[in-house]
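For the sequence shown, the working numbering gives the first residue as 163, with consecutive numbering after it.
Cβ atoms here follow ideal geometry from the backbone N, Cα and C, with glycine treated the same way.
To start, the structure under review is shown below, and the notes come after it.
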Amino acid sequence: MELKPTLSLYTVSPPIWLLAGILLFFAWRWSIRHHKVSSNGEPPLVPYLIPWLGHGFSLINDINGFVEWVRSSFPSSGAVTVQVAGRHLYLIFDAKLASQIYRRSDNFLFDPFNLMVFRTTGGTKNDLEIAQNGARLVKTDPNVVVDGTHFMHGFHIMTKNHLSGEFLEELTRRFIETLCKEIDRNFPISKNGKPEWRTMDLCHLIKSLWTHASIEALMGTNIYTFWPEIDDWIWEFDSTFPMIIAQYPSLLFPKPYKVREEGIRKLIDWERMAREAEEEGKIKSDDPNRLWDPYWGHAYSREASKFYAKFGVSERGRAGNKMGIIWGIAANAIPVAMQVINQTVLNPTTLEELHSEISRCQTGPLSLDMGKVTTQPKLKSMFLEALRWATASPSPRVVREDCEIGGYRFKSNSMVMIPARILQLEPATWEIPGNEQSKPDLFWPERFLDGDQEHEAHRVDENIEAEANHIAGAPSSPEELKPRRVQVEPISGPKSKDIQRRILSLRPFGGGTTICSGRHFATNEILGGLATLLLRLEIEVIDEELIKHGVPQPDLRKQGGLFPDRPLMVRVRRRMS
Numbered sequence: 163m164e165l166k167p168t169l170s171l172y173t174v175s176p177p178i179w180l181l182a183g184i185l186l187f188f189a190w191r192w193s194i195r196h197h198k199v200s201s202n203g204e205p206p207l208v209p210y211l212i213p214w215l216g217h218g219f220s221l222i223n224d225i226n227g228f229v230e231w232v233r234s235s236f237p238s239s240g241a242v243t244v245q246v247a248g249r250h251l252y253l254i255f256d257a258k259l260a261s262q263i264y265r266r267s268d269n270f271l272f273d274p275f276n277l278m279v280f281r282t283t284g285g286t287k288n289d290l291e292i293a294q295n296g297a298r299l300v301k302t303d304p305n306v307v308v309d310g311t312h313f314m315h316g317f318h319i320m321t322k323n324h325l326s327g328e329f330l331e332e333l334t335r336r337f338i339e340t341l342c343k344e345i346d347r348n349f350p351i352s353k354n355g356k357p358e359w360r361t362m363d364l365c366h367l368i369k370s371l372w373t374h375a376s377i378e379a380l381m382g383t384n385i386y387t388f389w390p391e392i393d394d395w396i397w398e399f400d401s402t403f404p405m406i407i408a409q410y411p412s413l414l415f416p417k418p419y420k421v422r423e424e425g426i427r428k429l430i431d432w433e434r435m436a437r438e439a440e441e442e443g444k445i446k447s448d449d450p451n452r453l454w455d456p457y458w459g460h461a462y463s464r465e466a467s468k469f470y471a472k473f474g475v476s477e478r479g480r481a482g483n484k485m486g487i488i489w490g491i492a493a494n495a496i497p498v499a500m501q502v503i504n505q506t507v508l509n510p511t512t513l514e515e516l517h518s519e520i521s522r523c524q525t526g527p528l529s530l531d532m533g534k535v536t537t538q539p540k541l542k543s544m545f546l547e548a549l550r551w552a553t554a555s556p557s558p559r560v561v562r563e564d565c566e567i568g569g570y571r572f573k574s575n576s577m578v579m580i581p582a583r584i585l586q587l588e589p590a591t592w593e594i595p596g597n598e599q600s601k602p603d604l605f606w607p608e609r610f611l612d613g614d615q616e617h618e619a620h621r622v623d624e625n626i627e628a629e630a631n632h633i634a635g636a637p638s639s640p641e642e643l644k645p646r647r648v649q650v651e652p653i654s655g656p657k658s659k660d661i662q663r664r665i666l667s668l669r670p671f672g673g674g675t676t677i678c679s680g681r682h683f684a685t686n687e688i689l690g691g692l693a694t695l696l697l698r699l700e701i702e703v704i705d706e707e708l709i710k711h712g713v714p715q716p717d718l719r720k721q722g723g724l725f726p727d728r729p730l731m732v733r734v735r736r737r738m739s
């Protein structure tokens with residue numbers, strides 16, 4: 163690295179640094195004047211140096227690190243105000259305040275972010291106008307004709323209805339069956355009946371197996387006939403999509419856009435082939451309620467495409483939507499699955515306990531009783547602890563009108579972010595005095611052994627209130643698009659006061675009207691997948707490699723499910739009994 167030009171700048175150009183010093187001085191004075199609790203009741207303002215931009219660069223560069231720094235600077239405040247590109251961003255650190263915001267879906271809006279994702283996944287100008295019809299926005303495009311069809315909210319309700327009940331059961335069954343077959347293919351029973359140990363990175367194994375099983379369960383088998391690279395493509399998309407969200411210029415950063423366009427082209431082909439298969443009679447049943455076929459895959463994939471087509475969304479827009487769905491299922495659940503399985507095999511006692519619990523849930527060579535799986539005490543505690551320890555969901559909103567909640571004033575057109583990871587690592591909520599294992603930065607397998615019976619009930623109640631507020635005063639939606647209560651297998655157990663205090667703070671799936679509709683499948687994908695893996699394979703950690711690399715921790719460079727930050731080298735062989 164050449165240092166001389168940099169040093170010469172200090173020695174030869176004093177006027178430049180004098181001017182810079184003057185500018186920084188005035189910026190500092192300006193910041194000091196604004197570092198106070200706003201006179202109109204807004205949360206306290208985080209000091210900043212650069213007018214207008216504020217902390218924009220810090221937020222984009224490292225959301226998790228920036229939010230942790232802000233929290234450490236304001237440890238007793240339930241909310242703070244951050245200047246970002248000329249707007250106020252409110253960071254919410256109080257769990258009760260977060261729940262109130264989720265419930266007020268009429269004033270704390272998520273639709274602007276839905277539109278942003280719709281645009282960045284390839285939606286056309288006309289598609290965006292369709293999406294704005296009935297959307298909750300601070301300001302609607304005057305060219306948009308609003309007829310009360312509630313496009314985005316209707317799609318959300320359709321999604322929720324098609325990822326529950328019998329639809330959820332079929333999606334889970336397909337996932338488990340495919341996972342079993344992939345394990346059997348990769349670890350066949352040897353001819354001599356003596357399975358051999360193989361050395362590998364456990365994280366890589368889980369990523370590979372879960373990706374294929376998830377995509378095949380959702381999208382069918384035909385997609386692999388013309389796009390065999392989709393399993394690798396989805397992770398390339400995952401690594402580059404944040405650059406599209408941040409609107410990096412395509413001329414300077416072409417790769418993210420190239421990866422996106424490949425996905426759009428392939429998914430347009432996927433839909434065309436599925437429609438042709440219907441027309442040619444290749445799909446056996448014409449029952450609109452059929453649950454799965456090789457071309458469309460799961461019924462949700464089919465109905466999502468047809469929902470978009472019914473409203474006039476372009477092929478490109480429909481492909482972008484499907485791309486987002488595949489990405490959402492893979493990029494959030496699979497990292498958490500890695501964390502659960504890593505923590506399981508790192509502790510031989512835990513591994514033995516879980517294998518004992520899981521053995522009681524198997525109903526056949528390729529099937530599990532998911533009702534039993536999701537209620538095994540140690541297994542569910544491991545799952546919930548992984549959600550707490552290894553997720554970072556930012557959950558943004560836009561304020562529609564000035565309002566006051568929890569003693570704070572929130573201004574119209576400002577943004578709100580509920581950083582779930584801060585709530586999930588709050589010592590006052592999670593740490594038990596005198597118990598070193600309970601420190602929130604540690605993974606403690608027994609943290610949720612006293613159950614969480616009220617957790618899903620609270621989420622459902624919060625969601626129902628949010629749904630009602632979202633559509634309040636708006637024209638009625640078609641009956642088939644209205645939300646309905648659905649029965650899912652609960653992760654249940656006895657109540658405790660400690661758990662009740664934590665309910666509001668465990669936010670891996672967001673909350674309110676936009677709580678993740680795929681959370682029940684994610685639960686089955688993680689727990690059912692772990693059960694399948696432990697019933698079919700023996701796994702042993704290689705101690706020398708563990709000493710060399712260290713214990714995997716959550717990688718804080720992304721949002722959603724957090725990958726392990728390093729490999730976990732293990733020996734794996736087929737289980738014979």
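So V507 and L549 are in contact, right, with Cβ under 8 Å, and what is the actual spacing, rounded?
In fact, because the Cβ distance is near 19 Å, the residues do not count as touching under 8 Å.
With respect to the alpha helix (DSSP H) encompassing V708, which residues constitute its N-terminal and C-terminal limits?
Just to set this straight, residue 708 is Leu in the shown sequence, not Val. Here the alpha helix (DSSP H) through L708 covers 705-711.
For P556 and R583, I'd like the C-alpha separation in whole angstroms.
Between P556 and R583, the C-alpha separation is close to 8 Å.
What is the rounded straight-line gap between the Cα of I194 and the Cα of I594?
At I194 the pLDDT is 44, less than 50, meaning the model places this residue with poor confidence and gives no usable figure here.
For R437, does the three-state DSSP call read helix, strand or coil?
Correct three-state label for R437: helix.
How is I496 classed by DSSP in three states: helix, strand or coil?
Three-state result, I496: helix.
Does M544 pass the burial test, meaning 16 or more other C-beta atoms within 10 Å, or should it be called exposed?
Looking at its Cβ environment, which holds 16 or more other Cβ atoms inside 10 Å, M544 is buried.
Ordered along the chain, which non-local residues of its own chain (more than five positions away) have a Cβ less than 6 Å from that of G601?
It is Lys, not Gly, that sits at residue 601 in the sequence shown. E593, listed in sequence order.
Does the beta-carbon of H318 have 16 or more other beta-carbons within 10 angstroms, so that it is buried, or is it exposed?
Answer is buried; the Cβ neighbour count reaches 16.
Once the 5 residues before and after E651 are set aside, which same chain residues still bring their CB inside 6 Å of it?
Low confidence applies to E651: its pLDDT is 44, below 50, so where it sits in the model is not reliable enough to give any reading.
Would you call the region 723-735 and the region 705-714 touching, i.e. three or more CB-CB distances under 8 Å?
These segments touch.
Using alpha carbons as the reference points, say which of L718, R335, V246 lies closest to V208.
Comparing Cα-Cα distances from V208 to each of L718, R335, V246, the minimum goes to V246.
Suppose contacts are defined by Cβ-Cβ distances below 8 Å. Is G486 in contact with T286 by that definition?
The answer is no: Cβ separation not under 8 Å.
Ignore the nearest five residues each way along the sequence and tell me which others in Q538's own chain have a CB closer than 6 Å to its CB.
Correct list, in chain order: E519.
Just tell me which of L611, G425, T591 has its CA closest to the CA of E391.
Of L611, G425, T591, the residue nearest in Cα terms is G425.
Using a 10 Å radius around the Cβ and a threshold of 16 neighbouring Cβ atoms, would you call P237 buried or exposed?
So P237 ends up on the exposed side.
Could you tell me how far apart the beta carbons of L364 and I503 are, in whole angstroms, since I believe they sit closer than 8 Å?
Indeed, because the Cβ distance is near 7 Å, the residues count as touching under 8 Å.
Cβ atoms of P205 and S239: under 8 Å apart, would you say?
Contact: yes.
Could you give the uninterrupted runs of the alpha helix (DSSP H) lying entirely in the region 257-334, keeping only those of 4 residues or more?
Segments of the alpha helix (DSSP H) lying fully in the region 257-334: 257-265, 273-282, 287-294, 313-324.
Just reading off the beta strand (DSSP E) that F572 is part of, what are its end residues?
Per DSSP, F572 belongs to the beta strand (DSSP E) from 570-572.
If you draw a straight line from the C-alpha of F255 to the C-alpha of W359, how long is it?
Cα-Cα distance, rounded: 47 Å.
Am I right that H517 and L689 are in contact with their C-beta atoms under 8 Å? What's the rounded C-beta distance?
Not confirmed; about 14 Å, so no contact.
Relative to the C-alpha of I368, which residue among M500, N223, P510 is closest?
Considering only alpha carbons, the answer is M500.
To the nearest angstrom, report how far apart R434 and E332 are at their CA atoms.
Going by the C-alpha atoms only, they are around 24 Å apart.
Tell me, please, which residues DSSP counts as bridged to C565.
BP columns for C565 point to F572.
Quick test of the definition: if touching needs 3 or more C-beta pairs under 8 Å, does the region 380-391 touch the region 455-468?
Contact holds: three or more Cβ-Cβ distances are below 8 Å.
Since R550 is in the alpha helix (DSSP H), which residue starts that stretch and which ends it?
Where R550 is concerned, the enclosing alpha helix (DSSP H) stretches over 539-551.
Which term fits D273, buried or exposed, when burial requires 16 or more other beta carbons within 10 angstroms of its beta carbon?
Burial call: buried.
Using alpha carbons as the reference points, say which of M738, A693, D717 lies closest to W372.
Minimum Cα distance to W372 is reached at A693.
Spatial neighbours of V232 within its chain, please: CB distance less than 8 Å, with the 5 preceding and 5 following residues excluded, ordered by chain position.
Here the set comprises V208, V242, V244, L253.
Under the assumption that K428 contacts W397 (Cβ atoms under 8 Å), give the Cβ distance between them as a whole number of angstroms.
Wrong, their Cβ atoms sit about 15 Å apart, outside the cutoff.
Which same chain residues, not among the five before or five after S467, have their C-beta less than 6 Å away from its C-beta?
So the list reads E433, R480, once near-sequence residues are dropped.
Within a Cβ cutoff of 6 Å, which residues of the same chain sit near A297, ignoring the five residues on either side of it in sequence?
Answer for A297: D273, M314, listed in chain order.
For P404, which option in L221, L513, K446 has the closest C-alpha, if you only look at C-alpha atoms?
Ranking the options by Cα distance to P404, first place goes to L221.
On the premise that P558 lies in contact with F275, defined as a C-beta separation below 8 Å, what is that separation, rounded to the nearest angstrom?
Correct: roughly 6 Å between the Cβ atoms.
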